[in-house]
Amino acid sequence: MLECITTEGTVEGIDRDGDIVVRYPSGNRFCLNPDALTKVGGDDSSALRTGDWVQVSEDHGKVQRQQVGHGGWTDDMVTSLGKVGRVAHVFPDRDVNVDVGGRMWRFNPASLTKVSAPGEGGNRLSVGDLVKIDGNAAWVRTMQEGHGGWAPAMSTTLCHYGRVVAVGAYRVKVEVPGKGGWHYNPAVLTKVERPRSDSSGSSSSNDCSNSGGDSSDSNGEAEIGVGDLVRVSNDTERVKLLQEGHGGWNDRMIETFGKVGRVVKVDSDNNMTVHVDGTDLLFNPKSLTKVSSEGGFEAAAEPSTAGESSMCAKGTHQWNKDKCKVCKFCQKCTGYGDKCLEQGKLQLFPGGPCGCGSGEAGCERCGCCRTCAGEDDSSDSDEDISGLMRSLSTRRNQLDSANLLGAEDSPRALKTLSSEKRREKLHELIPKMSKVISMVKSNRNGESISTIKDTLEEALVGPYRRFRKKAERKLMADYLTNIGGARALTDYLKFLMKGKHTESQVQVKCVSVVRSLLVNFSDASYEFCRELGKSGILMIVSQDLANFDGADLKHELIHQMVLSAIVLMHNCAKVPENRHFLQDVKAVDRIRPYLQVEDLELKVPAVLTLAYIVEDRNSSLIEVDDSVADYIIRTMNKALSSSDMRADGYSVMELAMALGALARNDADKELLTKKGALKLLIALTQDGDNSDKEQALMALQIFCRDPEIKAEVKKDPAAVTLLNQLKEHDDEAVNKAATDVMQTLQKSTAGDCPYMQKCITFKTSLKLKDEFFENRFNMCYCRNCHMSRGDQDYYKRGVPQKDYGLPVGWCRFSLKVPPRATALDVFNKWHVAFHGTTVGALESILNTGDLIKPGDKTMEGRTLSEGEGHFKDTCKPDGFNTKQVFVSPSINYAGLPVYAKASSFIHRDKTYEAKVALQLYIKPDSYKVGVSTVARRNIDKRFSDSEIEWSTDRHGVIILYGLLVKLEEK
Numbered sequence: 001m002l003e004c005i006t007t008e009g010t011v012e013g014i015d016r017d018g019d020i021v022v023r024y025p026s027g028n029r030f031c032l033n034p035d036a037l038t039k040v041g042g043d044d045s046s047a048l049r050t051g052d053w054v055q056v057s058e059d060h061g062k063v064q065r066q067q068v069g070h071g072g073w074t075d076d077m078v079t080s081l082g083k084v085g086r087v088a089h090v091f092p093d094r095d096v097n098v099d100v101g102g103r104m105w106r107f108n109p110a111s112l113t114k115v116s117a118p119g120e121g122g123n124r125l126s127v128g129d130l131v132k133i134d135g136n137a138a139w140v141r142t143m144q145e146g147h148g149g150w151a152p153a154m155s156t157t158l159c160h161y162g163r164v165v166a167v168g169a170y171r172v173k174v175e176v177p178g179k180g181g182w183h184y185n186p187a188v189l190t191k192v193e194r195p196r197s198d199s200s201g202s203s204s205s206n207d208c209s210n211s212g213g214d215s216s217d218s219n220g221e222a223e224i225g226v227g228d229l230v231r232v233s234n235d236t237e238r239v240k241l242l243q244e245g246h247g248g249w250n251d252r253m254i255e256t257f258g259k260v261g262r263v264v265k266v267d268s269d270n271n272m273t274v275h276v277d278g279t280d281l282l283f284n285p286k287s288l289t290k291v292s293s294e295g296g297f298e299a300a301a302e303p304s305t306a307g308e309s310s311m312c313a314k315g316t317h318q319w320n321k322d323k324c325k326v327c328k329f330c331q332k333c334t335g336y337g338d339k340c341l342e343q344g345k346l347q348l349f350p351g352g353p354c355g356c357g358s359g360e361a362g363c364e365r366c367g368c369c370r371t372c373a374g375e376d377d378s379s380d381s382d383e384d385i386s387g388l389m390r391s392l393s394t395r396r397n398q399l400d401s402a403n404l405l406g407a408e409d410s411p412r413a414l415k416t417l418s419s420e421k422r423r424e425k426l427h428e429l430i431p432k433m434s435k436v437i438s439m440v441k442s443n444r445n446g447e448s449i450s451t452i453k454d455t456l457e458e459a460l461v462g463p464y465r466r467f468r469k470k471a472e473r474k475l476m477a478d479y480l481t482n483i484g485g486a487r488a489l490t491d492y493l494k495f496l497m498k499g500k501h502t503e504s505q506v507q508v509k510c511v512s513v514v515r516s517l518l519v520n521f522s523d524a525s526y527e528f529c530r531e532l533g534k535s536g537i538l539m540i541v542s543q544d545l546a547n548f549d550g551a552d553l554k555h556e557l558i559h560q561m562v563l564s565a566i567v568l569m570h571n572c573a574k575v576p577e578n579r580h581f582l583q584d585v586k587a588v589d590r591i592r593p594y595l596q597v598e599d600l601e602l603k604v605p606a607v608l609t610l611a612y613i614v615e616d617r618n619s620s621l622i623e624v625d626d627s628v629a630d631y632i633i634r635t636m637n638k639a640l641s642s643s644d645m646r647a648d649g650y651s652v653m654e655l656a657m658a659l660g661a662l663a664r665n666d667a668d669k670e671l672l673t674k675k676g677a678l679k680l681l682i683a684l685t686q687d688g689d690n691s692d693k694e695q696a697l698m699a700l701q702i703f704c705r706d707p708e709i710k711a712e713v714k715k716d717p718a719a720v721t722l723l724n725q726l727k728e729h730d731d732e733a734v735n736k737a738a739t740d741v742m743q744t745l746q747k748s749t750a751g752d753c754p755y756m757q758k759c760i761t762f763k764t765s766l767k768l769k770d771e772f773f774e775n776r777f778n779m780c781y782c783r784n785c786h787m788s789r790g791d792q793d794y795y796k797r798g799v800p801q802k803d804y805g806l807p808v809g810w811c812r813f814s815l816k817v818p819p820r821a822t823a824l825d826v827f828n829k830w831h832v833a834f835h836g837t838t839v840g841a842l843e844s845i846l847n848t849g850d851l852i853k854p855g856d857k858t859m860e861g862r863t864l865s866e867g868e869g870h871f872k873d874t875c876k877p878d879g880f881n882t883k884q885v886f887v888s889p890s891i892n893y894a895g896l897p898v899y900a901k902a903s904s905f906i907h908r909d910k911t912y913e914a915k916v917a918l919q920l921y922i923k924p925d926s927y928k929v930g931v932s933t934v935a936r937r938n939i940d941k942r943f944s945d946s947e948i949e950w951s952t953d954r955h956g957v958i959i960l961y962g963l964l965v966k967l968e969e970k
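Numbering (UniProt numbering), first residue to last: 1 to 970.
Pasting the structure below:
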């Protein structure tokens, strides 16, 4: 290493820990601590970074030669020559991924020329930027065409802030707090320095009135972004204090104090995930100092040597998946040991990066590899698949058109056999199935891959294709489950994906066969799904979906890989026992990008997967559009008409299950009902087998929780007769499901009121935060509900008592009240009143928790002015004070159009005029009783025109406790 002392070298890469890989003129490469290096001469302005625009060289021969050792060359890359694209990722060896026309290619940077961003269509956003999403739903939806697509759940992100996490040439991925990551057309995004509501960069507001923000950094600190090197403060007490509300304190943070790490993620609250000493920790940015590169680098202290390390006790290691490192004990690659391609090529620090790529990163605590720890059990680890993914992409032209989902052909000979003969033929295959699973379990060498592939095709793929009956396939899948087939096939898939074992084409074809078997048998048996969930397959397919997020899904091989990954996740999601495995691999985040694609073959199973696993509070994620709803209804119609009750790869039973899962979303329930879902479910209860009947009945019960749908079913005498007959069915599960449906039809509750359900749908459409509401005290005041309770129209409340009218004709959604309401005994001592308002003002009022008067500033910074049609300082009676809050003890008065301005609401093809108001308590003696200020007279029979309007100029004398909604059909 003596040549490092006086010789200039070229930086080839910087790993996440800040260690620098330098190549010297002799050809030697060394991994060095940045503290030992000084930047000399040169201008790095030409270095490519994520987000840069580049033009690919037009010289075919030159580019092809330069690709050797830099991702390779494929004939498809010809289409990118001379084109302009966007740098999506920069590798440590300076190779770059470039998005050219929606397709991703890995290029040698020598083949690229940095160019200026295109004009209006250019995307000038970078990873880590804070952006605000436009609030015009119709415009955003239009702009999404060709830029990632549109999913109904994206409507919840409009007007919100988010962080850019990935940049492509024509779309940007933005992570929105609490709403996940979505791909957007850059034209619908506005870059902001900081949201208005919080100087630290957080925002809970979705106010669309202003997309700007404070562009200055109030404390003068250097901006920190993804990829920056930072040093962690060593002031324990200060860091602990700063961590409050910014990820919290973790005792392991002490080990990072004073060390340098790399920022790998910045969330929407500007908190930063820093990778330091092999660990990712979330810090308040005020605990970090950006490391300057002027005149040299600052970085972590020199890595410790193996002799200074002590190994964790066996079984206590914290194994990590990341860039391979050098084991602190054997000083070999933690991922590949002696087989590592970098072995002997580079003088490395123990505990530092190896440089060969991704894989096992060793123990986070002691830095040892699995071999040194005596825990080298490849069958229990989730092997890195990035190498195989690259192999699949670069060799796609060499592959046959591999159908990863299997074939559906069936020999004519089997059709002529009796059921008994078919069973005999099937049972003859059992020994072969057992034999091939034993082979799969015992063979882990490259020479046997071709043999195992052929045996799998003969013993498993062939029988599955020939025996197409539901019971036959279930029998095969259940048998495989009992002999450990699910685990064995998954472990063999991991072995295949671990690295190059044989000729690539044979290896990839074997991967294809194994994946097709896992897909097909998980479709045939819930028992197989349960065991498959435990096998680790979900980690593999989750990584597939992450790897291909943003890739060209029109390419046949990539399309099939993504499809098989989604279908495997979909099949496993149908079994409740797999839900926690799906949570562990962040299935919702992995699936979400595929909700935006236009290809229904991918989009439908993606939606259905989420329908099985998301909680009710996140049901907006599974809201479907017409294309998905039409596909499901059309496919179920085809399945009901087919002899095997299947269509397009779906069984009629799982389609019924899907309808029930989607019906948890009210908008889906309405749309699917409109398109004929009830008719199909009732038909299935009559024509399906017992399992089909059970699923159809369970789905029907979910639909019937809606009062209007319940009424529709009750009006169908044939349906009611059929349900009553099924209550006497011999199968216990069918009997119970039918009984549950009938009980739902016969049960009468307050929530059954159709008017209240319409109001609930309207309130849901406002997308107000659930945390504002206390649903236990919701109340419908429609005339029917009001009379059925025997309520009076007027009551008295407060000290001294004053009359107020019940909001008859309205529906109340109770709001949570602050603790001071109980402390001040407002429920007994204060008076009840109402305040009419607009839909647009609701969120600001609820955010503030109070009514403010004209002239005051809202929480969002907007100065409130007198409303249209109200007295103003330029037009008012003498002595009238317009700077007050106006309320009324009469909802008839507060609900007048001048106060409660109507908006339009469409529900089930009917248009309604919607009004909103607030029910509140107001402190006695804090307000003045005044005359009506509107032209109408005798508005309420209980209150004279001289006492119907109350006003106050005080703060803190009003407590809101109910949101009122009124709908009138136009």
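Every residue, glycine too, gets a C-beta built ideally from N, C-alpha and C. Bear in mind that the values here come from a model prediction, so they are computed numbers and not experimental data.
Assigned secondary structure, residue i (DSSP; H/G/I helix, E/B strand, else coil)
| i | result |
| --- | --- |
| M154 | helix |
| H60 | helix |
| V96 | strand |
| E694 | helix |
| A663 | coil |
| Q686 | helix |
| L859 | In the sequence as presented, Leu is not what sits at residue 859; that position holds Met. Reduced to three states, the DSSP call for M859 is coil. |
| S205 | Any answer about S205 is weak, because its pLDDT of 43 lies below 50 and its placement is not dependable; what the coordinates show is given next. Three-state DSSP puts S205 in coil, outside helix and strand. |
| H183 | strand |
| N847 | helix |
| A737 | helix |
| D409 | Only weak support is given to the placement of D409: the predicted model assigns it a pLDDT of 40, under 50, and the value that follows is read from those uncertain coordinates. In the structure shown, D409 sits in coil (DSSP, three-state: anything other than H, G, I, E or B). |
| Q596 | coil |
| F905 | strand |
| W139 | helix |
| S216 | Low confidence applies to S216: its pLDDT is 38, below 50, so where it sits in the model is not reliable enough to give any reading. |
Limits of the alpha helix (DSSP H) - the one that residue i falls within
| i | result |
| --- | --- |
| M756 | 754-765 |
| T236 | 236-243 |
| K432 | 430-442 |
Beta-carbon proximity of residue i to residue j, cut-off 8 Å
| i | j | result |
| --- | --- | --- |
| Y594 | L600 | no |
| L538 | M569 | yes |
| W830 | I891 | no |
| V957 | L920 | no |
| V274 | G258 | no |
| A894 | G836 | yes |
| L48 | V87 | yes |
| T455 | V436 | yes |
| V325 | G351 | Reading off the sequence, residue 325 comes out as Lys, not Val. In this structure, G351 lies closer than 8 Å to K325 by Cβ. |
Bridge partners - residue i, DSSP secondary structure assignment
| i | result |
| --- | --- |
| H831 | I922 |
| R812 | M779, L964 |
| C31 | V21 |
| K290 | V230 |
| W53 | R86, V115 |
Host beta strand (DSSP E) of residue i (start-end)
| i | result |
| --- | --- |
| A88 | 84-90 |
| M272 | 272-276 |
| K970 | Taken as a continuous stretch (DSSP letters only), K970 belongs to no beta strand (DSSP E), as it is neither H nor E. |
| L797 | First, the residue type needs correcting, since residue 797 is Arg and not Leu in the sequence shown. 794-797 is the extent of the beta strand (DSSP E) around R797. |
| T279 | 279-283 |
Taking one C-beta from the segment 703-712 and one from the segment 723-732 each time, how about it: are there three or more such pairs within less than 8 Å? no
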